[in-house]
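Under my numbering, the first residue of the sequence shown is numbered 5, with each subsequent residue one higher.
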Amino acid sequence: MKKLDFLAIGDTTIDAFIRLKDASVNCTLDHKRCELCVNFGAKIPYESVEEVVAVGNSANAAVAAARLGLSSALITNVGDDDNGQKCVKTLKSGGVNAEFISVHNGAKTNYHYVLWYEDERTILVKHENFPYELPRLPSAEFIYLSSLGAGTTEYHGQIIYYLEKNPEARLAFQPGTFQIKESRRDGACFNFYKRAEIVAVNVEEAQKITNLPDAKPTELLEKIKSLGPKIVLVTDGVAGAYLMDENGKWFMPPYPDPKPPLERTGAGDAFTSTFVAALILGQKPLDAFAWGLVNAMSVVQRVGAQAGLLSRKEIENHLAKKPPGFAPEKI
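Written out as structure tokens, the structure is:
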């Protein structure tokens, strides 16, 4: 099989975005916990519903890589229903090699509901129980592993076994909810950290992985780096992002939004996958850092995680006119 640039592994789904109108947000004083609130037992009006097909962390990453000109494929599972057919068709149209997508007879494709209020979203998720099995893989410059549902412990074992047998494959790990829960030393996903070249998480995820609920981003960088990856990326929402590699710790602010964000789904996926893609394309880590933040900015201007993804030329055009303050700062 022909070598790929980018091979993503993870669940895919269809997201139904339900834009809410009559809702509110209640937060604790420190804003560490916020709740989306609607009137219980009432009829709640909504503004619109929009389906976004073939999304999920790894699917978004595979599309981002393809849009940047890389040969990209996705290993995922769908049902043989209409939704599964739509997912495969959409991924192919996005330039993603669909050869490694498993279609299961009699199964349903994952379908999530996204409660969209102002510029944030709360997602109602349901992962179908597929018979996960790693197919025969082509060689790839980078393996990009992200969110898989619960009940995939054995499947994660297959993936780590493949990585041990193929040390030349570089690994980027963007852990999802189940993988974060299995990040303890005796968990199914602990070994991915020491095998990874890149680990990417947001602040809240990093706090859960390290069991340090009050830790600051700089401390989180160090703690995750101690688990083994060469490069650690920690995003902090509208505050910016952090990077740690062999040359130290760095901070960058967000690339300025041309207008207020529409909604923030997929910003982290765009940032991380673009960082990885930029490395494959020969960029240095700090340049890849900037690429990722530009694509994250673009994604939040559109509905869903893929519509706003940029081409290489578009990212380079943004960087050519970047504001003076958009530069890495050593910390």
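For each residue, glycine too, the CB sits at the ideal point set by N, CA and C. All figures in this text were calculated on a predicted structure; none of them were measured in a lab.
Unbroken alpha helix (DSSP H) stretches of 4 residues or longer found wholly inside the region 251–299: 271–284, given in chain order. With 16 or more other CB atoms across the displayed protein chains lying within 10 angstroms of its CB, Val100 is buried.
Each of Phe279, Cys91 and Pro262 was checked against the Cα of Gln178, and the nearest Cα belongs to Phe279. Going by C-alpha positions, Met5 is about 53 angstroms away from Asn30. By the 16-neighbour rule on beta-carbons within 10 angstroms, Thr239 is buried. In the three-state DSSP reduction, Thr157 falls in the helix class (H, G or I). Scanning its chain for C-beta atoms nearer than 6 angstroms, with the 5 sequence neighbours on each side dropped, one finds around Leu237 the residues Ala204 and Leu247, in chain order. Between Ala65 and Gly14, the alpha-carbon positions lie close to 10 angstroms from each other. In this structure, DSSP gives Val304 a state outside helix and strand, which the three-state scheme calls coil. Excluding the 5 residues flanking it on each side, Glu223 has same chain C-beta neighbours closer than 8 angstroms at Leu216, in chain order. Here Ala210 has Leu224, Ile228 and Val238 as same chain residues with Cβ atoms under 7 angstroms from its own Cβ, once five neighbours each way along the sequence are excluded. According to the DSSP assignment, Ser62 belongs to the alpha helix (DSSP H) that extends over Asn61 to Arg71. In this structure, Glu201 sits near Lys234, with a CB-CB distance shorter than 8 angstroms.
Taking 8 angstroms as the upper bound for CB-CB distance, Gly308 and Val82 are not in contact here, some 18 angstroms apart. Residue environment for Asn206: buried (at least 16 other C-beta atoms within 10 angstroms of its C-beta). Phe194 and Val118 have their C-alpha atoms some 30 angstroms from each other. Rounded to the nearest whole angstrom, the CA to CA distance from Ala173 to Ile164 is 11 angstroms.
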